[in-house]
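Residue 235 is where the sequence shown starts when you use the working numbering, and the numbers rise one by one after that.
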Amino acid sequence: YTVGKNNILYKCGWSPFEGETFRHSIEKTFVNGNLVFDKGNVVESAPGEALTFNR
């Protein structure tokens with residue numbers, strides 16, 4: 235799997251890994267327990283949650 239402009243899904247549109255080749259690729263991504271990416275397709279838009287810390 236080679237990272238390129240045609241397969242970058244970041245909002246910023248670039249990646250420090252552009253042009254790099256990996257032996258593996260991402261099949262599924264979960265955000266807060268929700269499936270948001272499945273085998274090359276964005277399934278659902280799930281915003282992340284703000285981190286909070288108890289001090």
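By construction, the Cβ of each residue, glycine as well, lies at the ideal position given by its N, Cα and C atoms.
Problem set entry | Spatial neighbours of residue 273 in its chain, beta-carbon cut-off 7 Å, leaving aside the 5 residues before and after | 261
Exercise. What residue does the beta strand (DSSP E) around residue 266 start on, and which one ends it?
Worked result: Run containing residue 266: none; DSSP gives neither H nor E here.
Exercise. Of all the options 285, 236 and 245, which has the alpha carbon lying nearest to the alpha carbon of residue 257?
Worked result: 236
For this session: Starting from residue 236, follow its DSSP beta bridges and name the residues at the other end.
Result: 255
Problem set entry | Own chain residues within Cβ distance below 7 Å of residue 249, not counting five before or after | 237 and 242
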